[in-house]
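Chemist:
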Amino acid sequence: MSQLIRTLKSHIRDEIIKKGGWVNSHAHADRAFTMTPEKIAIYQNANLQQKWDLVDEVKRNSTVDDYYRRFSQAIELMISQGVTAFGTFVDIDGVCEDRAIIAAHKAREVYKSDIALKFANQTLKGVIEPTAKKWFDIGSEMVDMIGGLPYRDELDYGKGLEAMDILMDKAKSLGKMLHVHVDQFNTPKEKETEQLCDKAIEHSMQGRVVAIHGISIGAHPKEYRKMLYQKMRDSQMMVIACPMAWIDSGRKEDLQPFHNALTPADELIPEGITVAIGTDNICDYMVPLCEGDMWQELSLLSAGCRFTNLEEMANIASINGRKVLGLL
1 MSQLIRTLKS
11 HIRDEIIKKG
21 GWVNSHAHAD
31 RAFTMTPEKI
41 AIYQNANLQQ
51 KWDLVDEVKR
61 NSTVDDYYRR
71 FSQAIELMIS
81 QGVTAFGTFV
91 DIDGVCEDRA
101 IIAAHKAREV
111 YKSDIALKFA
121 NQTLKGVIEP
131 TAKKWFDIGS
141 EMVDMIGGLP
151 YRDELDYGKG
161 LEAMDILMDK
171 AKSLGKMLHV
181 HVDQFNTPKE
191 KETEQLCDKA
201 IEHSMQGRVV
211 AIHGISIGAH
221 PKEYRKMLYQ
231 KMRDSQMMVI
241 ACPMAWIDSG
251 RKEDLQPFHN
261 ALTPADELIP
271 EGITVAIGTD
281 NICDYMVPLC
291 EGDMWQELSL
301 LSAGCRFTNL
311 EEMANIASIN
321 GRKVLGLL
């Protein structure tokens, strides 16, 4: 064949390059490539909340060199795809202490001429329990963005809103953006995105807060979603979608609006809300089959949301990522 027929994939990739290249806005590179055939039962038998503690095995046994190797492999995987900016959460807690973030900074120095790296502190142990709070405070000084997981403190202590206050106060006091995991479980019982919007306004953090996932938004009725989108505009909330991370949402017998387990980009973008994209977990206990493939993430989001605005697809994978990472 003398000349290949141009595909939509080629067109979108070219547009992404014109806009400065791919941006992976959210990952957990410190735990990348830790899934093995021998450990697949962890994914099969444990829910996410259980995995938050099951990964202690990886964290406890990993040296700085182990973490560095995983960071390097993840970073080189991104560079090979044309990713020019990469945001990743990093575990900093009483189990791994500061070993992962030390390795992260080492990797940033090595790869600084090839890719922009931004770090947020992962708070798998929450921010309420004293040891967890101690390491949250330590970690917050070592990262570019404050990271949060308020459902951990809601699950353990019924204090998810208090956790959000702690996160907001820390981010505001340090002048850093705040990235928060919310609405991950695909149920109308969750309203964390709305709570995060309210807290952003309460703490005068408009335009500085990013919601990660927002899967449960689609489980709510249309009237609620329209109200939520107004709150998101009022708080200038931005969102990161990680399609492969939650497309495996388990079967439920609950009655709710029909939707795929994806961030509803098809509704958010037309409402004027910034949506970026990330790989989230790469071949680890949480998402063993995610390969860190940026095109796979973008195409899954587009197909699963029936969202084929080509210009906006390119923005999701490039410009919008720079916005949520504070690079624009």
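Here full-length UniProt numbering is used: the first residue of the sequence shown is 1, the next is one more, and so on.
Cβ atoms here follow ideal geometry from the backbone N, Cα and C, with glycine treated the same way.
All of these numbers come straight from a predicted model, not from anything done at the bench.
1) Quick check on DSSP: helix, strand or coil for Gly126?
2) Does the stretch 300-313 come within contact of the stretch 282-292, defined as at least 3 CB pairs closer than 8 Å?
3) Assuming Met177 and Met227 are in contact, meaning their beta carbons sit under 8 Å apart, how far apart are those beta carbons, in whole angstroms?
4) Roughly how many angstroms separate the alpha carbons of Met232 and Cys197, rounded to a whole number?
5) Alpha carbon to alpha carbon, what distance is there between Ile101 and Asp91?
6) If you compare alpha carbons, which of His220, Cys242, Asp254, Lys199 is closest to Ser235?
7) Assign Gly218 to buried or exposed, taking buried as 16 or more other Cβ atoms, counted over all protein chains shown, within 10 Å of its Cβ.
8) At which residues does the alpha helix (DSSP H) containing Gly160 begin and terminate?
9) Kindly indicate which residue of Pro288, Ala211, Leu262 has the alpha-carbon position closest to the one of Arg306.
10) Tell me where the alpha helix (DSSP H) around Asp153 begins and ends.
11) So, helix, strand or coil for Phe119, using DSSP?
12) Going by CA-CA distance only, name the one from Glu312, Gly175, Lys222 that's closest to Gln206.
13) Among the candidates Lys19, Gln3, Gln256, whose CA atom is the shortest distance from the CA of Ala317?
14) Should the stretch 106-116 be called in touch with the stretch 75-83, which here means at least 3 C-beta pairs below 8 Å?
15) Roughly how many angstroms separate the alpha carbons of Leu54 and Arg6, rounded to a whole number?
16) So which of Asp137, Phe258, Pro130, Tyr157 has the shortest CA-CA distance to residue 330?
17) Since Val275 sits in a beta bridge, which residues does DSSP pair it with?
18) Tell me which residues share the same chain as Ser25 and place their Cβ nearer than 7 Å to its Cβ, disregarding the 5 neighbours each side in the sequence.
19) Between which residues of its own chain and Pro150 is the CB-CB distance below 6 Å, once the five residues before and five after are set aside?
20) Taking the C-alpha atoms as reference points, what is the distance between Asn260 and Asp248?
21) So, helix, strand or coil for Lys23, using DSSP?
22) Tell me, to the nearest whole angstrom, how far the beta carbon of Val23 is from that of Ala85; I am working on the premise that it is less than 8 Å.
23) Taking C-alpha atoms, which residue in Pro188, Arg70, Asp98 lies nearest to Glu141?
24) Please work out which residues of its chain come closer than 6 Å, Cβ to Cβ, to Pro188, disregarding the five sequence neighbours upstream and downstream, and give them in chain order.
25) If you draw a straight line from the C-alpha of Thr131 to the C-alpha of Glu253, how long is it?
26) Should Leu298 go down as buried or exposed, given a rule of 16 or more other Cβ atoms within 10 Å for buried?
27) Ile212 lies in the beta strand (DSSP E); which residues open and close that run?
28) What's the gap between the Cα of Ile12 and the Cα of Glu267?
29) Name the two residues that bound the continuous beta strand (DSSP E) containing Gly218.
30) Would you call the CB atoms of Val95 and Lys39 closer than 8 Å?
31) What first and last residue would you give for the beta strand (DSSP E) that runs through Phe89?
32) Is Met145 helix, strand or coil when you go by DSSP?
33) Do Gly147 and residue 330 come within 8 Å of each other at the CB atom, strictly closer than that value?
34) Can you grab the Cα-Cα spacing for the pair Lys170 / Gln3, in whole Å?
Modeler: With the structure as the only source:
1) For the purposes of this step, residue 126 is taken as residue 126 along the sequence shown, with counting starting at 1. Coil at Gly126, not helix or strand.
2) Too few Cβ pairs lie closer than 8 Å, so no.
3) Position 177 of the sequence shown holds residue 177. Position 227 of the sequence shown holds residue 227. About 25 Å; that fails the 8 Å criterion.
4) Translated into the one-based positions of the sequence shown, residue 232 becomes position 232. Translated into the one-based positions of the sequence shown, residue 197 becomes position 197. Whole-angstrom Cα-Cα distance: 6 Å.
5) Counting from one through the sequence shown, the residue named residue 91 turns up at place 91. Counting from one through the sequence shown, the residue named residue 101 turns up at place 101. The alpha-carbon of Asp91 is positioned some 7 Å away from that of Ile101.
6) Along the sequence shown, read from residue 1 onward, the residue named residue 235 stands at position 235. The shortest C-alpha separation from Ser235 is found at Lys199.
7) Taking the sequence shown and counting its residues from 1, one reaches residue 218 at position 218. That one is buried.
8) Counted from its first residue, the sequence shown places residue 160 at position 160. For Gly160, the enclosing alpha helix (DSSP H) starts and ends at 160-174.
9) Stepping through the sequence shown from its first residue, residue 306 is reached at position 306. The option with the nearest alpha carbon to Arg306 is Leu262.
10) Within the sequence shown, the letter at position 153 stands for residue 153. Start and end: 150-157.
11) Position 119 of the sequence shown, counted from the first residue, corresponds to residue 119. In the structure shown, Phe119 sits in a strand (DSSP, three-state: E or B).
12) In the sequence shown, the residue the question calls residue 206 occupies position 206. The shortest Cα separation from Gln206 among Glu312, Gly175, Lys222 belongs to Gly175.
13) Counting from one through the sequence shown, the residue named residue 317 turns up at place 317. Nearest of Lys19, Gln3, Gln256 to Ala317, Cα basis: Lys19.
14) A contact between stretches requires three or more CB pairs, one per stretch, nearer than 8 Å, and the stretch 106-116 meets this requirement with the stretch 75-83.
15) Residue 54 sits at position 54 when you count from the first residue of the sequence shown. Residue 6 sits at position 6 when you count from the first residue of the sequence shown. Each residue's alpha carbon lies about 46 Å from the other.
16) The question about residue 330 has no answer here: the residues shown for the chain are numbered 1 through 328.
17) The residue you call residue 275 lines up with position 275 of the sequence shown. Bridge partners of Val275: Val239.
18) In the sequence shown, the residue the question calls residue 25 occupies position 25. Only Gly87, Ile240, Ala276, Ile277, Gly278, Gly321, Val324, Leu325 meet the Cβ criterion.
19) As a working note, residue 150 is residue 150 in the sequence shown. The answer, listed in chain order, is Gly160, Ala163, Met164.
20) Translated into positions along the sequence shown, residue 260 becomes position 260. Translated into positions along the sequence shown, residue 248 becomes position 248. Rounded to whole angstroms, Asn260 to Asp248 spans 10 Å at the Cα level.
21) Here residue 23 refers to the residue found at position 23 of the sequence shown. First, the amino acid is wrong: residue 23 is Val here, not Lys. In the structure shown, the three-state DSSP call for Val23 is strand.
22) Mapped onto the sequence shown, residue 23 falls at position 23. Mapped onto the sequence shown, residue 85 falls at position 85. Right, the Cβ-Cβ distance comes to about 5 Å (below 8 Å), so this counts as a contact.
23) In the sequence shown, residue 141 corresponds to position 141, counting from 1. Residue Asp98 is the option with its Cα nearest to Glu141.
24) Walking along the sequence shown from the start, residue 188 turns up at place 188. Excluding positions up to five away in sequence, the list reads Ala219, His220, Gln256.
25) Within the sequence shown, residue 131 is the residue found at index 131, counting from 1. Within the sequence shown, residue 253 is the residue found at index 253, counting from 1. So the alpha carbons of these two residues sit roughly 38 Å apart.
26) Numbered from 1 along the sequence shown, position 298 holds the residue referred to as residue 298. Result: buried.
27) Counting from one through the sequence shown, the residue named residue 212 turns up at place 212. Run containing Ile212: 209-213, per the beta strand (DSSP E) assignment.
28) Translated into the one-based positions of the sequence shown, residue 12 becomes position 12. Translated into the one-based positions of the sequence shown, residue 267 becomes position 267. One C-alpha to the other measures close to 21 Å.
29) Here residue 218 refers to the residue found at position 218 when the sequence shown is read from its first residue. Premise fails: Gly218 is in no beta strand (DSSP E) and is neither H nor E.
30) Numbered from 1 along the sequence shown, position 95 holds the residue referred to as residue 95. Numbered from 1 along the sequence shown, position 39 holds the residue referred to as residue 39. No. Outside cutoff.
31) The sequence position of residue 89 within the sequence shown is 89, counting from 1. Taken as a continuous stretch (DSSP letters only), the beta strand (DSSP E) holding Phe89 covers 83-91.
32) For this step, residue 145 is matched to residue 145 along the sequence shown. Residue state, collapsed to three classes: strand.
33) Residue coverage of the chain in this structure runs from 1 to 328, which leaves residue 330 outside it and unanswerable.
34) Along the sequence shown, one-based indexing puts residue 170 at 170. Along the sequence shown, one-based indexing puts residue 3 at 3. Lys170 and Gln3: Cα-Cα distance of roughly 56 Å.
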